[in-house]
Amino acid sequence: MFAALWVVALAELSRQLAFSDQSLSLVWPISGFGLAMLYRWQWRGLLALLAGLVAWSGWHYGANPLAVPAVALAGSIGPAAVWAATRRTMSEEPRPFERIASVTRWLKAELLVGAPLAATCGVAVLGLVEPPASDRSAALLVLEWAGYWIIESCGALLVAPVAWHLMIGQPGSRFRQRVRELLADLTAHRGLLWLSPLMASLLAATFALGDTSNAQAFSYFLLPVLLVVANQCRPAAVHAHVMFAALLVTAASAFSMRHLHPNAGADMLVQLVLLVLFLLVSAGVLLVLVAVYAERHEALERLQSLAFIDPLTELLTDAGLARAYEQRDPAAVPALVLVRLANWRAIEYLDGPAALGALETAAARRLRAVAPTVVWARSTPGRYVGLLTETALRSGDLAQWQASVAAATARDAGQATEQQVRPLWRSCAVIAPAGAEPSPGLQTLLLRLREIDLAQADDADPVLVRMHPEDGERLRAMTTGVERVRRAITERRLHLVAQPIVSLREGQARVAAEVLVRLRDEDGHDVPPAQFMAAAVQGELMPLLDRAVVEEAAAMFARHPAALARIDYCSINLSGPTLARADLGEWLAGLFGRYAVPAQRVVFEITESQAIAQPRDAAQSLARLREEGFRVAIDDFGTGHATFDYLKRFPVDIIKIDGAFVRELQHQPVDRVIVRAMVEVARVLQVKTVAEFVESAELLERVRELGIDAAQGYHLGRPRPLDDWLAEVSSSESTGGSPFTTDMAHRQPPWNPSKPQAV
Numbered sequence: 001m002f003a004a005l006w007v008v009a010l011a012e013l014s015r016q017l018a019f020s021d022q023s024l025s026l027v028w029p030i031s032g033f034g035l036a037m038l039y040r041w042q043w044r045g046l047l048a049l050l051a052g053l054v055a056w057s058g059w060h061y062g063a064n065p066l067a068v069p070a071v072a073l074a075g076s077i078g079p080a081a082v083w084a085a086t087r088r089t090m091s092e093e094p095r096p097f098e099r100i101a102s103v104t105r106w107l108k109a110e111l112l113v114g115a116p117l118a119a120t121c122g123v124a125v126l127g128l129v130e131p132p133a134s135d136r137s138a139a140l141l142v143l144e145w146a147g148y149w150i151i152e153s154c155g156a157l158l159v160a161p162v163a164w165h166l167m168i169g170q171p172g173s174r175f176r177q178r179v180r181e182l183l184a185d186l187t188a189h190r191g192l193l194w195l196s197p198l199m200a201s202l203l204a205a206t207f208a209l210g211d212t213s214n215a216q217a218f219s220y221f222l223l224p225v226l227l228v229v230a231n232q233c234r235p236a237a238v239h240a241h242v243m244f245a246a247l248l249v250t251a252a253s254a255f256s257m258r259h260l261h262p263n264a265g266a267d268m269l270v271q272l273v274l275l276v277l278f279l280l281v282s283a284g285v286l287l288v289l290v291a292v293y294a295e296r297h298e299a300l301e302r303l304q305s306l307a308f309i310d311p312l313t314e315l316l317t318d319a320g321l322a323r324a325y326e327q328r329d330p331a332a333v334p335a336l337v338l339v340r341l342a343n344w345r346a347i348e349y350l351d352g353p354a355a356l357g358a359l360e361t362a363a364a365r366r367l368r369a370v371a372p373t374v375v376w377a378r379s380t381p382g383r384y385v386g387l388l389t390e391t392a393l394r395s396g397d398l399a400q401w402q403a404s405v406a407a408a409t410a411r412d413a414g415q416a417t418e419q420q421v422r423p424l425w426r427s428c429a430v431i432a433p434a435g436a437e438p439s440p441g442l443q444t445l446l447l448r449l450r451e452i453d454l455a456q457a458d459d460a461d462p463v464l465v466r467m468h469p470e471d472g473e474r475l476r477a478m479t480t481g482v483e484r485v486r487r488a489i490t491e492r493r494l495h496l497v498a499q500p501i502v503s504l505r506e507g508q509a510r511v512a513a514e515v516l517v518r519l520r521d522e523d524g525h526d527v528p529p530a531q532f533m534a535a536a537v538q539g540e541l542m543p544l545l546d547r548a549v550v551e552e553a554a555a556m557f558a559r560h561p562a563a564l565a566r567i568d569y570c571s572i573n574l575s576g577p578t579l580a581r582a583d584l585g586e587w588l589a590g591l592f593g594r595y596a597v598p599a600q601r602v603v604f605e606i607t608e609s610q611a612i613a614q615p616r617d618a619a620q621s622l623a624r625l626r627e628e629g630f631r632v633a634i635d636d637f638g639t640g641h642a643t644f645d646y647l648k649r650f651p652v653d654i655i656k657i658d659g660a661f662v663r664e665l666q667h668q669p670v671d672r673v674i675v676r677a678m679v680e681v682a683r684v685l686q687v688k689t690v691a692e693f694v695e696s697a698e699l700l701e702r703v704r705e706l707g708i709d710a711a712q713g714y715h716l717g718r719p720r721p722l723d724d725w726l727a728e729v730s731s732s733e734s735t736g737g738s739p740f741t742t743d744m745a746h747r748q749p750p751w752n753p754s755k756p757q758a759v
């Protein structure tokens with residue numbers, strides 16, 4: 001009933017905006033308002049629209065029984081046709097007037113279907129409500145049809161978007177809330193609030209004075225003003241600006257034609273029609289532009305969200321954390337918290353990416369729940385950094401958060417998948433020094449946090465460290481050290497050395513060695529690994545270092561072709577980040593191919609901890625290396641979790657038993673049992689064994705008794721320059737034993753991770 005009364009009021013408003021008492025209106029708002037009623041209430045809206053039109057037409061044309069239903073039909077057929085053509089599109093999209101696709105489809109339906117039908121009915125009805133004209137020619141009928149089409153289209157384009165916002169709006173919103181939102185949008189840009197009404201008033205005033213030339217000039221200025229409004233305001237406010245400006249112009253024009261210039265000539269009527277047509281075209285252009293601006297704004301918001309919000313966990317990214325740190329209270333003492341999933345790569349490899357994603361989502365949810373005052377960010381997979389400024393941080397908080405996350409992820413992951421790997425969560429935190437001037441920057445705190453994390457064992461308790469003022473200087477010095485290492489690597493100030501690997505089997509005459517690296521400072525002195533390796537890891541320089549070492553070693557091998565014919569292999573270490581390269585096998589094969597170095601003479605070593613930390617990358621990379629003809633060794637074997645399980649999974653040729661098990665073989669029965677088990681498993685898998693850190697004759701004899709294939713250590717040979725070692729091998733007939741025979745690389749059976757190979 002209330003909607004029907006609105007139909008009566010708007011129809012009467014349209015009558016008052018007519019050229020004269022017995023002529024066409026300038027705008028028909030029912031076409032837009034009725035369409036919104038249909039979108040809102042569907043068939044009930046159509047009945048309310050018909051009821052309102054019947055009441056209004058009965059008021060004015062009750063003396064003519066045929067005119068009442070005819071007017072109701074002419075006023076409702078346009079909205080009904082557009083609704084039937086677009087209801088699915090408009091109902092599926094929560095903001096249809098802010099989408100280019102839905103707006104263009106709606107415009108086509110209105111301008112090509114709804115308005116033509118309404119105009120056709122309007123021309124037919126005009127003969128019923130007005131006295132018949134004797135001179136109603138075909139040309140006049142065409143002009144009447146065009147006039148009806150213009151006012152029907154103009155009413156729909158001006159009123160429908162505003163009516164849709166007020167009557168439908170966002171799902172779940174109430175009418176009062178929508179009105180408040182529209183008023184807030186209109187007043188958000190007070191400088192523009194008066195601009196479009198001012199231009200519309202000037203246009204109407206000049207037309208009322210009969211100055212059609214100036215009125216046309218002001219109309220040309222109105223569209224740019226509305227374009228500025230469209231770019232600055234929200235879509236609902238733009239639609240309201242356009243509607244109010246157009247109604248102001250049409251109201252003033254109608255008043256002028258009916259009261260100030262009742263005997264206006266044809267020229268003024270033509271100008272008035274052109275003015276309404278200009279408003280129609282402007283409304284259509286602005287509808288499309290508003291949709292373009294809205295989609296552009298949403299696209300920018302999505303890009304910003306991708307930059308500052310992690311899509312998986314909805315936590316901040318590193319960029320978002322940096323912004324939050326800049327916006328913090330400068331007087332507060334900041335603290336950074338790190339909660340990380342220590343074995344996330346193993347979970348991704350063994351349980352799959354979906355299980356890891358479920359764990360990360362559950363962890364983010366729990367972190368927000370147990371520490372709502374902390375600004376959390378997901379730095380990398382399984383690594384969460386929290387910024388705390390409002391409350392003090394205690395060591396008990398870390399333990400509580402870690403335990404809570406561990407409990408939540410264990411439960412959620414168990415529900416999501418049949419888990420193979422138990423999540424291992426670790427945490428640490430750093431607090432900035434109180435009263436420090438200036439306060440340490442975010443990068444300084446992150447460096448200290450990373451330093452604490454690297455020094456922490458995977459099974460360590462949560463650590464809370466208060467940063468000291470001198471730590472900033474020390475971290476700056478460390479950063480300087482990282483840059484020195486970077487410069488030494490890029491300038492190729494490398495010194496490669498070789499440590500012999502001696503066979504413990506009789507009848508094997510080829511030699512082998514491990515290639516090790518030293519850096520040289522600016523004065524040409526060697527820098528031992530203990531002084532530069534930590535900086536290389538801290539500065540993420542290991543891929544750069546690996547590349548330099550491999551290229552330098554390949555060049556040295558190429559300079560000693562005679563040595564290549566006499567050695568069994570030289571092993572070169574690769575770091576975890578290098579192992580993650582998708583093109584590792586192809587790159588290495590291409591490099592050694594250019595230097596004419598046979599791939600079977602090269603063994604690449606990776607530590608067991610790297611293989612466990614990156615199981616998927618390790619398995620794929622090792623398989624690619626073996627496909628290219630290289631051999632693979634696992635260094636420091638025995639130090640990781642699930643050692644034998646990973647040995648079955650990884651395609652390897654050699655295991656190097658960690659020195660922690662070798663050094664005390666003479667005195668620790670447990671070490672002897674462990675090493676004997678490693679040797680037996682390696683024999684079943686046809687994998688050769690090398691004992692590291694053999695530093696005495698007695699220890700060498702114990703290693704030989706356990707059946708280990710080869711040994712390496714200071715007792716057997718200290719590292720010496722690789723170039724010298726290769727030159728010596730080239731000039732000698734035989735330089736010792738080897739862990740492999742000449743054809744070992746060729747008789748190695750294909751690797752099958754699911755089926756152990758028999759001896």
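Counting from 1, position 672 in the sequence shown corresponds to residue 672 in our numbering; the numbering is continuous, with no gaps.
All C-beta atoms, glycine included, are put in the ideal place defined by N, C-alpha and C.
Just so it is clear, the structure is predicted and the values come from calculations on it, not from any experiment.
Check                                                                                                           : Outcome
Residues bridged to residue 775 (per DSSP)                                                                      : Residue 775 falls outside the range modelled here, since the chain spans only 1 to 759, and no answer is possible.
For residue 520 and residue 493, believed in contact at Cβ under 8 angstroms, the rounded distance              : 4 angstroms
Three-state class that DSSP yields for residue 425 in the structure shown                                       : strand
Minimum C-alpha distance to residue 92 - residue among 53, 168, 67 and 157                                      : 168
Expected contact under 8 angstroms - CB spacing of residue 310 and residue 378 to nearest Å                     : 4 angstroms
Burial state of residue 175 (16 or more Cβ within 10 Å)                                                         : exposed
C-alpha gap between residue 302 and residue 296, whole angstroms                                                : 10 angstroms
Candidates 637, 725, 693 and 536, of which the one nearest residue 556 by Cα                                    : 725
Start and end residues, alpha helix (DSSP H) containing residue 689                                             : Run containing residue 689: none in the alpha helix (DSSP H); it sits in the beta strand (DSSP E), 688–691.
Best match in 246, 586 and 588 for proximity to residue 27 [C-alpha to C-alpha]                                 : 246
Length at least 4, wholly inside the stretch 41–122: the alpha helix (DSSP H) runs in chain order               : 43–61, 67–92 and 100–109
Burial state of residue 182, where buried means 16 or more other Cβ atoms lie within 10 Å                       : buried
Nearest-angstrom Cβ-Cβ length linking residue 228 and residue 241, presumed shorter than 8 angstroms            : Not really, about 10 angstroms apart at Cβ, beyond 8 angstroms.
Residues near residue 313 in its chain [Cβ-Cβ closer than 7 angstroms; skip 5 each side]                        : 360, 361, 364 and 378
Assigned secondary structure, residue 16 (DSSP; H/G/I helix, E/B strand, else coil)                             : helix
Whole alpha helix (DSSP H) elements within the stretch 543–573, 4-residue minimum                               : 561–566
The stretch 687–705 in contact with the stretch 472–487 per 3-pair CB rule at 8 angstroms                       : no
From 243, 224 and 54, residue whose alpha carbon lies closest to that of residue 164                            : 243
Cα-Cα separation, residue 9 to residue 44                                                                       : 19 angstroms
Span of the alpha helix (DSSP H) around residue 165                                                             : 138–167
Rounded distance between the beta-carbons of residue 111 and residue 76, thought under 8 angstroms              : Going by Cβ atoms, the distance from residue 76 to residue 111 rounds to 18 angstroms, so no, they are not a contact pair.
Distance between residue 322 and residue 684 (C-alpha atoms, nearest Å)                                         : 53 angstroms
Local Cβ density within 10 Å of residue 506, reported as buried at 16 or more and exposed below that            : exposed
Where residue 674 sits in the DSSP three-state scheme                                                           : helix
Beta strand (DSSP E) segment containing residue 384, residue limits                                             : 383–388
Nearest residue (CA-CA) to residue 443, options 336, 235, 357 and 103                                           : 336
C-alpha distance - residue 735 paired with residue 690, whole-angstrom precision                                : Low confidence applies here, because residue 735 scores a pLDDT of 42, under 50, leaving its location unreliable; read the following figure in that light. Rounded to the nearest angstrom, the two C-alpha atoms are 18 angstroms apart.
Candidates 145, 151 and 236, of which the one nearest residue 188 by Cα                                         : 236
Inter-stretch contact (C-beta, 8 angstroms, three-pair minimum) for the stretch 619–634 and the stretch 593–605 : yes
Segment contact, 8 angstroms Cβ cut-off, at least three pairs: the stretch 702–716 with the stretch 531–549     : no
Candidates 526, 554, 670 and 502, of which the one nearest residue 714 by Cα                                    : 502
Simplified DSSP state of residue 708, which is helix, strand or coil                                            : coil
Cβ-based burial, residue 345 [other Cβ within 10 Å; buried from 16]                                             : buried
Boundaries (first-last residue) of the alpha helix (DSSP H) holding residue 586                                 : 584–594
Within 9 angstroms, strictly: CB atoms of residue 114 and residue 78                                            : yes
Classification of residue 5 by the beta-carbon crowding that lies within 10 angstroms, buried from 16 upward    : exposed
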